Amino acid sequence: MGKKISAIILLIMAVVNIGFTTAFSLEKQDFEVISQTITKENLLSKEEDLFPNTMNFKVYGEFKEFTLESIKFEDTLIKNRTGIARGSIDFPLDSIKPIPPKSNTFDYFDRALNRNIPVTIPLISLEERETLNWRDDFYLEVIIENYGSPYYTFAKKDIPHNKEYPLFLGYEDDYLNYLNLDTNSYQILSSSWSSEPYFDGDILKRKARFYGKRYASSYTGNYASEITLPDADGYTATAVYTLKIPKETPPIIEEKPIIPPEIVEEKENILSKIVTTVIAIGVFIGVGVLLFILIKLKKRG
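Converting from the sequence shown to my numbering requires adding 389 to each position, the first position being numbered 1.
Put into structure tokens, the structure is as follows:
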């Protein structure tokens, strides 16, 4: 019987121990750390501000704000690099539309290598920079031979001598044709002597300048193409973002000890005997007290 009572006591202690462990787990605050990684490749420099301090990522169906935890840079070789090279050629004002070369060579500055690379790229467009219009910026200088004679010679023409200025009225087309200038695009409006007479050998000469206007425009030739660049040293950056969230606490299941039927029956028998004994002792004490009172009363009487 003593062994059975001990088993009951141990079982009761086990129940107390389970309850203590469960209460301790409830007080402990556990967190789950979730991380997200972002990688950027082919970087030419280590830029610490390459990543924002916070980023939003979806967690369990909704977006949460993650905090930047660390950035790691690794050396790498950047291959298969390309770039867009551009260049242009400005053609001056002219009455004839220019014919630019189909390709041209320009310097392309490679930022990774920090130097210029010569590249040959094709023409992509010819853009009119200044529209076709009459412009008062035309002049030409010529040399008159046989100056001082009644007639001087120019463009295989005998032109009457004039000390004040070279004659041009009636001879405009002769001057322009001799210089291969289009008579529809150039006009001579005035003239002047631009030097003093001088001898070239036995021939007296003098320089003359003719002023006028021209029907001209200017153009820009634009060149561009994608080019292949040499390999270059670079970096790969990896950023780690983290978020702490409380772990989900599992539901508390109250565990009751399983007591074998025979122990329950024995426990009930012991309690029954204890109750019977307590009652008997109570009755005995009550009878003794009653007899004691009666004896006292009899002696007094």
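All residues carry an ideal CB built from backbone N, CA and C; glycine is no exception. Here the structure is a predicted model, which means the values were calculated and not measured.
Proximity winner among the options, relative to residue i (alpha-carbon distances)
| i | options | result |
| --- | --- | --- |
| D438 | K461, D525, N503 | K461 |
| L502 | S434, L565, Y449 | S434 |
| S492 | Y624, S614, T625 | S614 |
| P539 | L593, I427, V422 | L593 |
| D499 | K453, F480, D622 | D622 |
| K602 | W523, R475, G472 | W523 |
| R470 | I670, T617, K633, Y624 | T617 |
| I467 | E530, I427, L568, L432 | L432 |
| E430 | F440, I513, D589 | F440 |
| D525 | I670, P549, F599 | F599 |
| G472 | Y449, V508, K486 | V508 |
| G610 | L512, I670, K552 | L512 |
| S584 | S514, V531, I674 | V531 |
| N486 | D571, E454, D589, I674 | Note that residue 486 is Lys in the sequence shown here, rather than Asn. Closest option to K486, Cα to Cα, is D571. |
| Y560 | N569, K546, I674 | K546 |
| E458 | F495, Q425, N573, T494 | Q425 |
Cβ separation of residue i and residue j, assumed to be a contact under 8 Å, to the nearest whole Å
| i | j | result |
| --- | --- | --- |
| T456 | Y630 | 6 Å |
| F452 | P635 | In fact, because the Cβ distance is near 18 Å, the residues do not count as touching under 8 Å. |
| G537 | P490 | Not a contact, Cβ separation roughly 48 Å. |
| T625 | T465 | 5 Å |
Sheet register partners of residue i (DSSP bridge)
| i | result |
| --- | --- |
| R504 | D499 |
| V446 | Residue identity check: residue 446 is Phe in the sequence provided, not Val. F446 pairs with K453. |
| F588 | L593 |
| N522 | A605 |
| Y541 | I548 |
| F369 | Any property of residue 369 remains undetermined from this structure, which presents the chain solely from 390 to 690. |
| K636 | Bridge partners of K636: none, in fact. |
| P511 | S492 |
| K461 | T627 |
| S477 | N611 |
| T471 | T617 |
| I423 | L632 |
| L432 | Y624 |
| L570 | In DSSP, L570 forms no bridge with anything. |
| Y575 | R603 |
| E534 | T542, K594 |
| L466 | D622 |
| E517 | Y608 |
| D483 | S606 |
CB of residue i within 8 Å of CB of residue j, strictly
| i | j | result |
| --- | --- | --- |
| P555 | A597 | yes |
| I488 | Y497 | no |
| Y612 | R504 | no |
| A564 | S484 | Checking the sequence, you will find Tyr at residue 564 rather than Ala. Not closer than 8 Å, so no. |
| Y333 | A544 | An answer regarding residue 333 cannot be provided, because it is not within the stretch 390 to 690 covered by the chain. |
| I427 | L632 | no |
| R595 | I533 | yes |
| T542 | N551 | no |
Quiz item: Would the segment 443-451 and the segment 572-584 be scored as touching if the rule is three or more Cβ pairs under 8 Å?
Solution: Taking 8 Å as the limit for Cβ pairs, the verdict is that the segment 572-584 does not touch the segment 443-451.
Self-check item: At least three beta-carbon pairs within less than 8 Å, the segment 508-520 to the segment 476-492
Solution: Touching, yes, given that three or more Cβ pairs across the two stretches are closer than 8 Å.
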